[in-house]
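Student: Residue numbers (full-length UniProt numbering): 1 to 518.
Sharing a structure below in structure tokens format, with a few things to ask.
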């Protein structure tokens with residue numbers, strides 16, 4: 001790579017500038033993060049530095065740099081060669097994708113190996129990238145910020161298991177507390193064997209040295225890291241969970257301990273059948289062992305898996321305080337509305353539908369707002385497939401800050417907005433994630449949005465002249481007296497369907513236009 005190309009791929013010293021919590025304004029310029037870990041090296045390119053950045057490109061290479069660090073103190077030579085090749089490719093890709101800011105972060109393996117500095121220098125010479133080797137404490141802090149970026153107000157314990165280390169951080173309703181890094185990554189534990197009494201004993205020694213860890217009893221635990229996400233995927237498969245999305249996948253603590261124990265008892269061939277892949281197969285039992293021992297000591301109430309970790313935490317740390325305080329779900333939904341929705345102001349649907357949902361709590365209002373922003377997502381699809389596509393898009397889109405039941409609620413509302421029902425074979429598995437009451441509200445909300453779009457054709461000015469109210473056993477749609485928003489057969493069908501779902505009667509009211517004085 002030429003000197004000019006290297007400079008374009010890694011402008012200035014941006015690889016270092018972002019580590020440390022510098023607050024900058026949100027930017028639409030593409031940003032990239034390369035994470036050089038003990039097991040993998042990954043490049044993620046995002047569409048901008050925003051509250052809810054969208055990953056445009058995501059690629060990792062399992063180099064196993066940390067294999068051998070525990071015993072020899074040196075990086076894995078094969079991993080170094082593979083890593084340098086991958087990093088040259090990543091730098092070229094970033095240049096081709098016109099990434100304006102590319103930050104490169106190295107963690108446990110590089111900071112602990114005696115030849116870590118030589119590897120960093122080789123990266124600079126070969127790929128033209130400036131690498132920032134962060135401390136264990138900084139790695140823990142960024143991992144916790146990653147969890148907070150996708151789960152605002154998280155309260156409990158964060159655990160980020162990499163190939164070479166385990167970072168633990170306490171969170172008190174969104175405030176970062178105690179943090180520690182421990183040499184308990186699966187690649188290290190694989191090298192321990194029986195020389196120090198076995199991995200389980202070593203894990204217990206480190207965890208029992210933390211006097212504050214038992215105080216996490218009864219609070220959520222937020223696992224981060226590829227190996228623990230692999231365990232979550234296995235649990236999804238074994239339990240028949242209908243939604244294969246890691247973020248906010250939740251398991252009761254007792255179930256998780258039982259499952260990690262099961263993993264530890266499996267043979268390699270059995271694990272391969274469970275996992276369906278050889279990737280992380282060697283490290284999976286050790287990742288399960290760390291999790292099982294941690295759950296035994298900390299005794300959390302449940303596990304809430306986070307798809308957001310160090311990379312997302314790094315981007316979150318670059319935002320201004322105002323940017324960090326934004327609701328990431330609303331930011332993501334609003335961004336989607338700006339890109340794909342026809343209606344001039346989708347937020348108007350919030351006030352228009354409010355009369356149907358008296359007594360909502362704050363989170364219910366938040367979810368209804370998101371549904372309103374996403375209500376026109378299928379407009380460009382073939383009419384026969386709009387409901388299906390809208391349902392699947394909302395269900396599977398990487399929205400942050402959503403539990404699986406909340407995600408199902410939004411998807412069902414999107415389905416009802418186009419199909420007029422949520423009771424179809426396609427939605428049946430997902431309906432198991434919501435209560436009967438949540439399902440009914442999704443139907444009512446979807447039908448109300450269906451009525452709004454039929455009534456106005458997506459024109460904000462028309463919808464503003466109407467109102468939708470509930471009272472005296474009726475759902476009443478009031479139209480303006482000047483005939484500027486006409487009724488019709490389709491409108492009547494929509495109001496009737498909405499009223500039926502609420503066990504009420506539907507009326508369309510259009511006051512008589514006042515007669516002009518003679």
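Don't be surprised by glycine CBs; every beta carbon is placed ideally from N, CA and C.
Everything numeric in this text was worked out from a predicted model, so none of it was measured.
(1) So residue 260 and residue 312 are in contact, right, with Cβ under 8 Å, and what is the actual spacing, rounded?
(2) Across which residues does DSSP place residue 101 in a beta bridge pair?
(3) What are the boundary residues of the beta strand (DSSP E) that includes residue 172?
(4) When DSSP labels each residue in this structure, what does residue 133 get in the three-state scheme?
(5) Nearest-angstrom Cα distance between residue 190 and residue 213?
(6) If you follow the alpha helix (DSSP H) that residue 203 is in, where does it begin and where does it stop?
(7) Please specify which runs of the beta strand (DSSP E), each continuous and at least 3 residues long, are wholly inside the UniProt domain "Exopolyphosphatase C-terminal" (360-504), giving them in chain order.
(8) When burial is assigned at 16 or more other CB atoms within 10 Å of the CB, is residue 415 buried or exposed?
(9) From this set, 274, 66, 402, 295, which residue's C-alpha is nearest residue 331's C-alpha?
(10) Label residue 19 either buried or exposed according to how many other C-beta atoms from any shown protein chain fall within 10 Å of its C-beta, with 16 as the threshold for buried.
(11) What does DSSP give as the partner residues of residue 222 in its beta bridges?
(12) Ends of the alpha helix (DSSP H) at residue 288?
(13) Quick one: what does DSSP say residue 266 is sitting in, helix, strand or coil?
(14) Would you mind reading off the limits of the alpha helix (DSSP H) that contains residue 357?
(15) Below 6 Å CB to CB, which residues in the same chain sit around residue 40 once its five sequence neighbours on both sides are set aside?
(16) Below 8 Å, can you find three or more Cβ-Cβ pairs linking the segment 299-313 to the segment 422-438?
(17) DSSP three-state label for residue 91, please.
(18) Looking at the structure shown, is residue 316 part of a helix, part of a strand, or coil, going by DSSP?
(19) Residue 149: which of 476, 307, 201 sits nearest, CA to CA?
(20) On a Cα-Cα basis, can you pick out the residue from 478, 491, 498 that is closest to residue 511?
(21) What are the residues that DSSP puts in a beta bridge with residue 41?
(22) Among 206, 274, 268, which residue has its Cα nearest to the Cα of residue 233?
(23) Kindly list the residues whose CB is nearer than 7 Å to the CB of residue 520, restricted to its own chain and excluding five residues on each side of it in sequence; keep chain order.
(24) Hey, is the segment 100-111 in contact with the segment 121-137, meaning 3+ C-beta pairs nearer than 8 Å?
(25) Strictly by DSSP, which residues pair up with residue 328?
(26) Can you tell which of 353, 392, 437 has the C-alpha that lies nearest to the C-alpha of residue 450?
(27) Compute the Euclidean distance between the alpha carbons of residue 24 and residue 50, then round it to the nearest angstrom.
(28) Consult DSSP for residue 175 and reduce its assignment to one of helix, strand or coil.
(29) Between which two residues does the beta strand (DSSP E) containing residue 302 stretch?
(30) What would DSSP say about residue 251, mapped onto helix, strand or coil?
(31) Who are the near neighbours of residue 505 in its chain, counting only those whose CB is closer than 8 Å to its CB and skipping five residues on each side?
(32) Taking 7 Å as the threshold (C-beta atoms), are residue 87 and residue 123 in contact?
(33) Using alpha carbons as the reference points, say which of 400, 413, 464 lies closest to residue 392.
(34) According to DSSP, which residues form a beta bridge with residue 73?
(35) Kindly indicate which residue of 400, 159, 461 has the alpha-carbon position closest to the one of residue 303.
(36) Can you grab the Cα-Cα spacing for the pair residue 164 / residue 452, in whole Å?
Tutor: Straight from the coordinates:
(1) Going by Cβ atoms, the distance from residue 260 to residue 312 rounds to 25 Å, so no, they are not a contact pair.
(2) 31
(3) 166-172
(4) strand
(5) 25 Å
(6) 199-208
(7) 467-471, 474-478
(8) buried
(9) 402
(10) Reliability of the predicted coordinates at residue 19 is poor, the pLDDT of 32 falling under 50, and the value obtained from them is presented with this limitation in mind. Label assigned to residue 19: buried.
(11) 158
(12) 284-298
(13) coil
(14) From DSSP, residue 357 is part of no alpha helix (DSSP H); its letter is neither H nor E.
(15) 60, 62
(16) no
(17) helix
(18) helix
(19) 307
(20) 478
(21) 36, 61
(22) 274
(23) A query on residue 520 cannot be resolved here, the shown segment of the chain reaching from 1 to 518 and no further.
(24) yes
(25) Per DSSP, none; premise fails for residue 328.
(26) 353
(27) In this prediction, residue 24 has a pLDDT of 42, which is less than 50 and means its spatial position is unreliable; nothing more can be read from the coordinates.
(28) strand
(29) 302-304
(30) strand
(31) 473, 474, 475, 499
(32) yes
(33) 413
(34) According to DSSP, residue 73 bridges with nothing at all.
(35) 159
(36) 54 Å
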